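Note sheet for the following structure.
Residue numbers (the numbering used here): 32 to 402.
The following block contains the structure:
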């Protein structure tokens, strides 16, 4: 197993390079780059999301001064949208500010060199290091992803087993109906409903509406901090769980039904093995293989996809929201830094899933297969 893990770890490097290269090329072809974003922002058009991303700082002030000087000079046409009538020297200064004065391949290899030293640069529009932004936002997304994944598995596996044992019963029918309805309704609609019911909407005011902790969190005792954290995260996680456990429940049910009908189960029963031992010492181990295999994908999906709208609804400033704003605002350092973290976490979590695979069923051996 150690040799397989080593191969998988080494495979992470070319995988990261390939994903970064593909996305780097796609992003460069997208219109409305950071130069155009800055021009629009300085001219007051706000055509993109640059102003929504925030910041500006010294770079914006310096660029504004250059714009005022350049606006008196009539220039030749520019390939940047909104740059007509501006001095080419001013455009060149903006390109140098964002590193676009270098060829495409040189920018890519410079990015790889910096990433190898864990230097992700600074945000174009926030004047903050990308590492600091990611470190600030990642705990929010990790909290949502871990708690949601944990609760989804704790609910789905027992429920799926019970549905398999009572297949075709009234319990199976009404739980399936409830699960399908929950799956069909988007998580953000559940979030809005929970706010209306329990967060001071029209009924109860039991839970906070914004943030992951209270303003006085640092002044609380450790046990009060735990309670405050759980108090804030209850509704966001509940909204994600309600619409997130349908597929896993049916997967568990179908896996159990398939295993129960196999010959080894009939043989165990014929030998007088108790039903409990048949289910939990034989069927459970085999049925859970496909469920365990889906754990990494489920966690990554919840962490980086499902939490985006939840972060918006509950004002949780997480990594999903940061990446979305960076993509809209063409904040390339934040965008590529987030992508690097996303990809790295996904690859590592998938490797952990393979390790869990072997713990669940020692008969599985990855040593003899390629990474």
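Each residue gets a CB set at the ideal place from its N, CA and C atoms; glycine is no exception. Keep in mind the model is a prediction, meaning the values are calculated, not measured.
Within 8 Å, strictly: CB atoms of residue i and residue j
i	j	result
residue 368	residue 161	yes
residue 28	residue 284	Here the chain covers residues 32 to 402 and nothing more, so residue 28 does not appear.
residue 35	residue 363	no
residue 10	residue 172	This structure gives no information on residue 10, because the portion of the chain shown stretches from 32 to 402.
residue 376	residue 165	no
residue 129	residue 65	yes
residue 309	residue 301	no
residue 387	residue 326	yes
residue 389	residue 275	no
residue 60	residue 139	no
residue 239	residue 230	yes
residue 374	residue 44	no
residue 69	residue 125	yes
Buried or exposed by the 16-neighbour rule on C-beta atoms within 10 Å, applied to residue i
i	result
residue 295	exposed
residue 331	buried
residue 271	buried
residue 48	exposed
residue 237	exposed
residue 306	exposed
residue 233	exposed
residue 72	buried
residue 67	buried
residue 123	exposed
residue 144	exposed
residue 349	buried
residue 148	exposed
residue 370	buried
residue 101	The predicted model places residue 101 with a pLDDT of 49, which falls under 50 and marks its position as unreliable; any figure quoted below should be read in that light. With 16 or more Cβ atoms within 10 Å of its Cβ, residue 101 is classed as buried.
residue 120	exposed
residue 366	buried
residue 187	buried
When the options are compared against residue i, the one with the closest alpha-carbon
i	options	result
residue 291	276, 317, 123	317
residue 319	192, 261, 365, 63	192
residue 358	46, 197, 63	63
residue 344	279, 41, 221	221
residue 279	304, 246, 153, 323	323
residue 189	151, 286, 170, 121	286
residue 329	163, 200, 381	381
residue 196	40, 311, 385	311
residue 170	38, 260, 40	260
residue 385	321, 355, 200	321
residue 356	151, 212, 157	157
Expected contact under 8 Å - CB spacing of residue i and residue j to nearest Å
i	j	result
residue 241	residue 174	Wrong, their Cβ atoms sit about 15 Å apart, outside the cutoff.
residue 176	residue 333	5 Å
residue 210	residue 277	5 Å
residue 282	residue 263	Actually they are not in contact, since the Cβ atoms of residue 282 and residue 263 sit about 31 Å apart, beyond 8 Å.
residue 235	residue 225	Not a contact, Cβ separation roughly 10 Å.
residue 46	residue 378	6 Å
residue 168	residue 353	5 Å
Problem - Meets three-Cβ-pair contact criterion under 8 Å: the region 208-220 and the region 337-347 - result: yes
Handout entry: Contact the region 201-211 vs the region 257-270: 3+ CB pairs below 8 Å
Key = no
Practice task
Could you tell me whether the region 252-265 touches the region 304-322, using the rule of 3 or more Cβ pairs below 8 Å?
Solution key: no
Problem - contact_flag[the region 53-65, the region 126-143] where n(CB pairs < 8 Å) is 3 or more - result: yes
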